[in-house]
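What follows is one structure encoded as structure tokens, with my remarks underneath.
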Amino acid sequence: MDYRSHSQPEESAPSPSLDDCLKLLKGERDEQRLAGLLVVTKFCKGDDAVSLRKIYDAVGPRFLDRLLRTGLGKGINSGNSSENRDAYLQLSVTVLAAFCRVPEIASSEDMVSKVPPILELMLKESGTSILEECYEFLYLVTNATGDGVTTLYESGGMKVLAFQMSTFADGSRLMELAIRLLQLMLSKLSLEIITNDYLSELSTIVTVVAREFAVLHNALKFESLHLLTAVLSSNYSALLHEALRVMPDSKWSMYMRVGVVAILQNRVAPAEKLQALILAESIVSIKGEEWLIGKIDLPDIQDSIPSDRCLLLVLESSRVEIAVLLNELAYLKYEASKNTSSTAESFFSKQRNVAIAFSLVEKIIRLISNIAESEGGLIDDNTFMKVMNGLNETIGVVLEYLQDAKEHERKKGNDLLASVRLVGSYLAETPHACKEKVRELLQHMLSIEGEDEPSPFYSVFFLLPMLCQTTMEIEGCKDLVSSGMYKAVAECLIKLIGPGRVTVEDDGCIFLACDTILNLLLKVKEQVRFPMDESTSIHLLKALAYWTELNSVFRGQ
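Note that UniProt numbering gives residue 468 to position 468 of the sequence shown, counting from 1, and the numbers run on in steps of one.
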């Protein structure tokens with residue numbers, strides 16, 4: 001039976017009822033079923049689940065399978081003309097996508113088994129109108145069952161997506177479905193496995209989605225943001241970061257900056273701004289702090305964005321986020337009901353988020369320090385002052401959080417240690433900033449421990465650059481000695497150079513600790529009492545002897 005003879009029923013013919021369609025679909029001959037399916041495509045509404053279920057039961061999965069195979073040229077009647085096969089294929093994909101709007105049908109083994117041939121079809125027919133219905137089918141099946149996701153992945157779905165997404169129009173239905181398929185795979189499968197299997201494809205996909213994130217102004221912009229954040233901020237993203245870092249075309253990172261600026265400068269939900277900050281932190285980790293500044297040179301971005309806009313927005317948004325999160329953390333620690341699972345979960349979630357904001361501020365401190373050292377013109381004086389004022393406000397908020405911890409006699413916690421690290425990074429560049437507040441909190445900050453630390457080490461380690469500079473003056477020495485925390489510096493140095501020493505990335509901290517101790521010793525003659533106890537002195541001398549011997553051995557090799 002010629003399929004084409006049923007493709008355009010006369011307008012004067014009366015509209016068939018559902019029962020008429022069902023009779024045709026239950027017919028013994030394929031021609032009757034085909035005629036029924038042709039009517040179905042015009043008769044059934046996509047959201048009429050009851051009718052779709054009746055029609056599906058009437059036609060049966062075996063006939064649908066044969067129809068698809070015939071369209072692919074694999075059936076018994078594969079000798080039909082290519083025009084007929086195309087018609088069968090179009091009809092097959094159309095009705096499969098329609099049936100899968102019923103979740104029970106979409107999750108069936110019969111539909112899952114059709115994922116591989118549909119992918120095969122997509123590679124062959126990538127330029128045809130049938131493609132959107134193929135993507136619709138894949139999305140409905142994978143959204144209905146985890147087996148669909150697994151089958152899509154194992155059948156090479158990532159390769160197909162990476163190959164085709166760059167050809168889709170911005171914001172098109174095809175692009176939307178492709179992004180949702182990626183989200184489903186990421187939600188069901190380990191990113192570590194995906195990265196190991198499809199690193200090149202994943203890199204390509206990131207560059208495509210980055211453009212969508214930049215140019216769109218609808219819900220798909222936020223879907224793109226969520227996808228990019230999930231991929232780039234994962235614990236398993238190191239290989240992907242490296243692949244993007246060496247990619248010759250850097251337009252993707254400019255698109256990222258455009259998207260981040262759009263989110264941060266507009267009225268969007270706080271959760272979306274946090275997602276944008278998480279994404280920004282990942283991009284800075286890949287491209288370096290200079291990503292925050294610079295001209296955007298993209299022909300398809302019409303709006304001019306000042307080179308310092310991203311930097312200022314990220315800093316201000318991070319400051320606001322830090323203020324809100326630290327306030328909420330303080331409430332959870334000191335006011336909320338204790339020992340409840342919801343409180344603990346909320347606390348750790350906020351702790352992770354504030355760590356992202358801290359990291360961004362620390363990277364901005366590093367950027368400003370590099371700009372100041374190079375005396376370059378990357379930003380003007382006005383922007384520089386805005387950044388410094390923003391940093392001062394941010395550090396002030398963090399110091400208030402540490403003051404609150406001091407008043408509650410809290411010294412242990414990763415949130416407190418992270419706060420000390422950020423303060424230390426800032427004071428390393430401006431050692432006399434917030435002078436009175438730092439002096440008031442110095443003893444408490446030097447006694448803070450991380451969750452897994454048996455005694456303070458990293459809190460002292462983070463403050464060494466500031467301590468080394470402030471102890472060059474008598475006043476700084478007096479502050480350290482009067483607090484009794486000179487012992488903490490000595491113990492930190494012992495842990496850095498003695499037996500069983502702590503391994504750190506930068507050995508420069510050893511010299512900072514040595515210089516701090518030397519500053520104190522030299523100021524003894526200038527009326528600074530330095531009562532180093534005998535036990536600490538002996539341990540320090542032994543550690544220095546061990547370190548000296550160790551270095552002499554290395555030099556002799």
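Cβ atoms here follow ideal geometry from the backbone N, Cα and C, with glycine treated the same way.
- With a minimum length of 4 residues, the unbroken runs of alpha helix (DSSP H) contained wholly in the segment 107-182 fall at 109-112, 115-124, 131-144, 146-154 and 157-164.
- Burial is judged here by how many other beta carbons sit within 10 angstroms of a residue's own beta carbon; ASP506 has fewer than 16 and is exposed.
- Residue range 199-215 is occupied by the alpha helix (DSSP H) that includes ILE205.
- For the pair of segments examined, the segment 219-239 was found to touch the segment 175-192: the number of CB pairs separated by less than 8 Å reaches three.
- Taking the Cβ atoms as the reference, LEU152 lies roughly 7 Å from MET185, within the contact range of under 8 Å.
- Annotated as distal: VAL420 and MET385, with beta-carbon spacing of 8 Å or more.
- Counting the other CB atoms within 10 Å of its CB gives ARG62 a total below 16, which places it among the exposed residues.
- Contact between LEU292 and VAL284 holds, since their C-beta atoms are separated by about 7 Å, short of 8 Å.
- No Cβ-Cβ contact shorter than 8 Å links LEU119 with SER166.
- Per DSSP, reduced to three states, the secondary structure at GLU449 is strand.
- Cβ atoms of SER318 and ALA372 stay farther apart than 8 Å, at about 20 Å.
- Taking 8 Å as the upper bound for CB-CB distance, LEU228 and ASN353 are not in contact here, some 17 Å apart.
- Its chain contains ILE130, GLU133, CYS134 and PHE137 as the residues whose beta carbon lies nearer than 7 Å to that of VAL93, once the 5 sequence neighbours on both sides are disregarded; these appear in chain order.
- Closest by C-alpha distance to GLU109, out of VAL398, LEU199, ASP65 and LEU91, is ASP65.
- In this structure TYR139 does not touch PHE99 by the C-beta definition: roughly 14 Å separates them, more than the 8 Å allowed.
- Counted as a single uninterrupted DSSP element, the alpha helix (DSSP H) harbouring LEU311 occupies residues 309-334.
- Collapsing the DSSP output to three states places LYS412 in a strand.
- Annotated as distal: LEU68 and LYS124, with beta-carbon spacing of 8 Å or more.
- The criterion of a C-beta distance shorter than 8 Å is not satisfied by VAL489 and LEU521.
- DSSP, read as helix, strand or coil, puts ILE55 in helix.
- Distance from the Cα of TYR331 is smallest, within the candidate group ALA405, GLY476 and LEU161, for ALA405.
- DSSP places ARG439 within a helical segment (H, G or I) once states are collapsed to three.
- Spanning the alpha carbons of ALA97 and ASP47 requires a straight line of approximately 12 Å.
- Between the alpha carbons of LYS363 and SER341 lies a gap of roughly 33 Å.
- Taking the C-beta atoms as reference points, ILE296 is found no nearer than 8 Å to ILE286.
- Separation of ASN519 and GLU534 (C-alpha to C-alpha, rounded to the nearest whole angstrom) is 19 Å.
- In this structure ILE194 does not touch MET247 by the C-beta definition: roughly 18 Å separates them, more than the 8 Å allowed.
- LEU72 sits in coil when the DSSP states are folded into three classes, being neither helix nor strand.
- The Cβ atoms of LEU464 and THR394 lie no closer than 8 Å to each other.
- Going by C-alpha positions, VAL206 is about 16 Å away from ASP197.
- GLU272 is positioned such that its CB atom lies no closer than 8 Å to that of LEU325.
- A residue is called buried once 16 or more other Cβ atoms fall within 10 Å of its Cβ, and LEU493 is buried on that count.
- CA-to-CA, the gap between VAL387 and THR503 works out to about 34 Å.
- Contact check for MET256 against GLU212 fails: the beta carbons are separated by 8 Å or more.
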